[in-house]
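Step one of this worksheet: look at the structure below.
Protein chains: 2
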Amino acid sequence: MRADARRNYERLLTEAGAAFGEKGTEASLEDIAKAAGVGVGTLYRHFPTRQDLILAVLRDRFEAMAATARDLTFDDPGRALRAWLLAQLHHITATRGLTAELAVAVNNPESPLHGQCEALFSVSADLLAKAKETGAVRPDLTQPDLATIVHGIAWSCESDPVRQERLLDLFLEGVLV
Amino acid sequence: MRADARRNYERLLTEAGAAFGEKGTEASLEDIAKAAGVGVGTLYRHFPTRQDLILAVLRDRFEAMAATARDLTFDDPGRALRAWLLAQLHHITATRGLTAELAVAVNNPESPLHGQCEALFSVSADLLAKAKETGAVRPDLTQPDLATIVHGIAWSCESDPVRQERLLDLFLEGVLV
DNA sequence: GCATAAGCGGAGGCAGCCTCCGTATATTTA
DNA sequence: TAAATATACGGAGGCTGCCTCCGCTTATGC
């Protein structure tokens with residue numbers, strides 16, 4: 001790839017992330033191109049469809065999430081699991097505007113991002129298995145349960161991390177006495 | 001309101017509900033007008049903005065939900081609360097495509113639908129108070145907690161009522177042992 | 001039946017989507 | 001270093017959907 005092409009690609013990705021975060025996935029692609037200082041033609045050559053652009057932005061975010069996962073410490077399995085779920089919440093919130101797309105990627109095996117999801121799933125699955133071994137969580141809990149509820153919580157109070165954390169704890173601890 | 005106007009209004013509402021359910025809130029308004037057998041002008045006179053149309057559709061759904069609430073039986077408070085949350089899940093699922101709008105109405109006091117939400121909130125609040133009295137739920141649980149988690153669950157597995165019910169029960173019972 | 005208030009509908013201006021292709025520039029080669 | 005060429009750029013233009021405006025139509029009251 002030519003140097004100018006790579007440069008434009010990066011700038012488009014940056015501006016797209018900002019625009020999607022501000023205005024949601026319906027942000028004008030012409031505006032994104034303008035913000036990146038290129039013509040629409042260039043945008044469409046790099047990202048033939050809006051979906052391609054969205055996916056490219058998400059791919060970046062997945063990297064960040066995978067990095068977080070690698071840095072997790074594994075003292076108490078129950079606490080480790082909670083920490084990981086909380087980290088996911090923060091990442092999803094940082095991906096404001098794309099939460100719905102993220103959820104599609106997670107739930108739909110057809111998604112081109114599903115492969116990257118798998119890596120994160122396996123982190124969840126490992127932590128979950130450890131937590132089950134030590135009896136920290138109920139044995140019928142599954143990794144998809146966790147993925148789904150985390151996305152549900154992240155989406156339903158997208159702009160309020162405090163409430164997200166509260167709902168996560170309610171979920172973990174239960175509501176019925 | 002003239003008879004023909006009322007007729008067109010109703011038909012537009014019906015078609016809009018169908019279109020939003022099928023294609024989401026971005027469904028073409030011209031298509032909706034066509035499906036209802038009227039010109040776009042008529043659609044825009046009745047519903048000056050897309051938002052107005054969405055809100056009108058939701059208003060209908062709220063009525064249905066309020067009716068469900070009135071029919072609730074109040075034997076065991078814990079069970080009654082669960083039944084009400086489950087009923088909400090079903091209604092939100094039936095409002096497929098508008099879940100996000102619904103959540104906005106619930107969370108944003110500025111929304112023109114917030115008034116109708118209040119009626120439903122008070123049902124939740126009553127059931128919640130009763131459940132607390134009998135010690136069926138933890139005392140720090142709030143009505144907004146419930147509203148938010150229900151929407152999160154409904155949204156995160158929009159098309160799978162079985163998983164919705166499972167997640168609701170996980171939430172109620174808790175995950176940590 | 002007529003007058004008129006109320007309602008209808010689609011033409012048209014505008015914005016954003018996406019394609020296409022002439023122009024410009026990075027890279028390779030001699 | 002300069003020519004050759006592969007690669008990339010960018011915006012004009014066709015298209016679709018949004019929304020407004022206003023001349024035409026029709027229900028309703030007298």
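Protein sequences, first through last, are from chains A and B.
Counting in my numbering, the first sequence runs from 1 upward without gaps.
Counting in my numbering, the second sequence runs from 1 upward without gaps.
Backbone N, C-alpha and C define an ideal beta-carbon position, used for all residues, glycine too.
- Boundaries for SER159/A: no alpha helix (DSSP H) harbours it, and the DSSP string shows neither H nor E there.
- Shown here for LYS132/A: same chain residues with a beta carbon closer than 8 Å to its own, the five before and five after excluded, namely PRO139, LEU141 in chain order.
- Looking at the DSSP output, VAL137/B sits in a beta bridge with LEU176/A.
- Annotation: LEU58/A has no Cβ neighbours in chain B at a cutoff of 8 Å; minimum Cβ distance is about 17 Å.
- With a threshold of 7 Å between beta carbons, TRP155/A makes contact with chain B.
- Among the residues facing chain B, GLY21/A is not included, as its CB has no counterpart in that chain under 7 Å away.
- With contact defined as three or more Cβ pairs closer than 8 Å, the segment 159 to 175 of chain B and the segment 83 to 93 of chain B are in contact.
- Around VAL106/B, the same chain offers CYS117, ALA147 as residues with beta carbons nearer than 6 Å, after the five sequence neighbours per side are excluded.
- Contact between ASP75/A and LEU13/A does not hold, since the beta-carbon distance rounds to 37 Å and is not under 8 Å.
- Among the CB atoms of chain B, none fall inside 7 Å of the CB of THR99/A.
- Under a criterion of Cβ atoms nearer than 8 Å, the residues of chain B adjacent to ILE149/A are, in order, GLY152, ILE153, SER156, LEU167, LEU170, PHE171.
- Residue nearest to HIS90/B within the set GLY39/B, ALA5/B, VAL162/B is VAL162/B (criterion: CA-CA distance).
- With contacts defined as CB atoms closer than 7 Å, THR134/B and PRO77/B qualify as a contacting pair.
- The C-beta separation of VAL40/A from LEU29/A comes to about 7 Å, placing the pair in contact by the 8 Å criterion.
- Residue environment analysis places GLY24/B among the exposed positions, since fewer than 16 neighbouring C-beta atoms fall within 10 angstroms of its C-beta.
- Under the DSSP assignment, VAL38/B falls outside any alpha helix (DSSP H); it carries neither an H nor an E label.
- Within the same chain, Cβ atoms closer than 7 Å to the Cβ of ALA119/A are found at ALA66, the five residues on either side in sequence being excluded.
- Under the 7 Å criterion on CB atoms, ARG138/B is classed as interfacial with respect to chain A.
- Linking GLN143/B to ASN108/B through their CA atoms gives a straight-line distance of about 15 Å.
- Interface annotation, LEU53/A: not in contact with chain B, CB-CB separation never under 7 Å.
- Annotated three-state conformation of PHE171/A is helix, per DSSP.
- Along the length of the segment 27 to 69 of chain A, whole alpha helix (DSSP H) runs at least 4 residues long occupy 29 to 35, 40 to 46, reported in chain order.
- GLY17/A is the residue among ARG11/A, GLY17/A, VAL177/A, GLY174/A whose C-alpha sits nearest the C-alpha of THR95/A.
- In this chain, the alpha helix (DSSP H) harbouring PHE20/A covers 3 to 23.
- Not one beta carbon of chain A lies nearer than 7 Å to the beta carbon of VAL123/B.
- Looking from the CA of ALA56/B, the closest CA among SER159/B, ALA154/B, LEU81/B, GLU10/B belongs to GLU10/B.
- The continuous stretches of alpha helix (DSSP H) do not include PRO109/A, and DSSP gives it neither H nor E.
- Straight-line spacing of the CA atoms in ALA19/B and ARG70/B works out to 29 Å.
- The beta carbon of GLY21/A lies closer than 6 Å to those of ARG96, GLY97 in the same chain, with the five residues before and after it left out.
- Distance between SER111/A and PHE47/B, taken at the CA atoms: about 36 Å.
- In the structure shown, the three-state DSSP call for GLY97/B is coil.
- The beta-carbon of LEU72/B is placed no less than 7 Å from the nearest beta-carbon of chain A.
- GLY152/B sits away from SER122/A, with the two beta carbons spaced by 7 Å or more.
- Between the alpha carbons of ALA64/A and LEU72/A lies a distance of about 13 Å.
- Among the CB atoms of chain B, one or more fall inside 7 Å of the CB of GLY135/A.
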